[in-house]
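Going down the list, the protein sequences come from chains X and S. Residue 6 is where the first sequence starts when you use the numbering used here, and the numbers rise one by one after that. Residue 6 is where the second sequence starts when you use the numbering used here, and the numbers rise one by one after that. Just so it is clear, CB atoms sit at the ideal spot from N, CA and C, and this is done for glycine as well. As the structure is a prediction and not an experimental result, all values here were calculated from the model. Everything below concerns the one structure shown next.
There are 2 protein chains.
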Amino acid sequence: MINRIRELRGERGWSQADLAERLDVSRQTVNAIETGKYDPSLPLAFKIARLFGLSIESIFEPEPQAATPMVSRHPME
Amino acid sequence: MINRIRELRGERGWSQADLAERLDVSRQTVNAIETGKYDPSLPLAFKIARLFGLSIESIFEPEPQAATPMVSRHPME
DNA sequence: GGAACATGTCAAGCACGCTTTACATCCTAA
DNA sequence: TTAGGATGTAAAGCGTGCTTGACATGTTCC
Chain X
6 MINRIRELRG ERGWSQADLA ERLDVSRQTV NAIETGKYDP SLPLAFKIAR LFGLSIESIF
66 EPEPQAATPM VSRHPME
Chain S
6 MINRIRELRG ERGWSQADLA ERLDVSRQTV NAIETGKYDP SLPLAFKIAR LFGLSIESIF
66 EPEPQAATPM VSRHPME
């Protein structure tokens, strides 16, 4: 999942700590999401979208494509 | 987090198992999300929205309001 | 040089998202 | 009446989302 959070935060001149406070999460959480360590929960994604006044779809984008594996998704059936 | 999944699924005449298969998750996951036991991950929310051809915002809605607790969120600081 | 801030990262711990297996109930069809 | 589908729920297990605390680095400003 790719996101534009760092860009949106930068436009507003906020530090990761500033954003974390506005979202009521830890600074490490903001950093982990920006650096792609993990995706936010759906409720947090809503908070982020509302804070920036944008839709979730305009901030987050599912991975280019988690290519369908060469093996069956339902082996031995 | 409130969602309209059961309604959208019903309109299409799909069982929970049908929907689960289309989303590539277990039937219990669909059931748990419909019955409000937990919220889907952000990637699954995207899958759901795309399957129904709707925006995430038009399917999910953050709780009416998780009322601000009477106690400080940052005690002893 | 030293203080202060911004960012990145690690570790431990807890709660949640999702899995498989299994069982119970309800409803409809034959 | 029995079989089958649809739904609800439970337990155990694994990985992720988020927390606090801590430390390292780079930058800026005195």
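The beta-carbon of X/Ile-61 is placed less than 8 Å from the nearest beta-carbon of chain S. Here S/Arg-14 is buried. Its C-beta has 16 or more other C-beta atoms within 10 Å. By the C-beta criterion, the segment 52–66 of chain X is judged to be in contact with the segment 21–29 of chain X, since at least 3 inter-stretch pairs fall below 8 Å. Put simply, the CB of X/Ser-31 is far from chain S, with every gap to its CB atoms at 8 Å or more. Of the other Cβ atoms in all chains shown, 16 or more fall within 10 Å of the Cβ of S/Ile-38; this residue is therefore buried. Interface criterion not met: the Cβ of S/Asp-23 is under 8 Å from no Cβ in chain X. The beta carbon of S/Pro-45 sits closer than 6 Å to the beta carbons of Ile-38 from its chain, once the five residues preceding and following it are set aside; these are given in chain order.
According to the DSSP secondary-structure assignment, X/Phe-57 is paired through a beta bridge with no residue. Counting other Cβ atoms within 10 Å of its Cβ, X/Ala-50 reaches 16 or more and is therefore classed as buried. Among the bridge pairs identified by DSSP, X/Ile-7 is matched with X/Glu-66.
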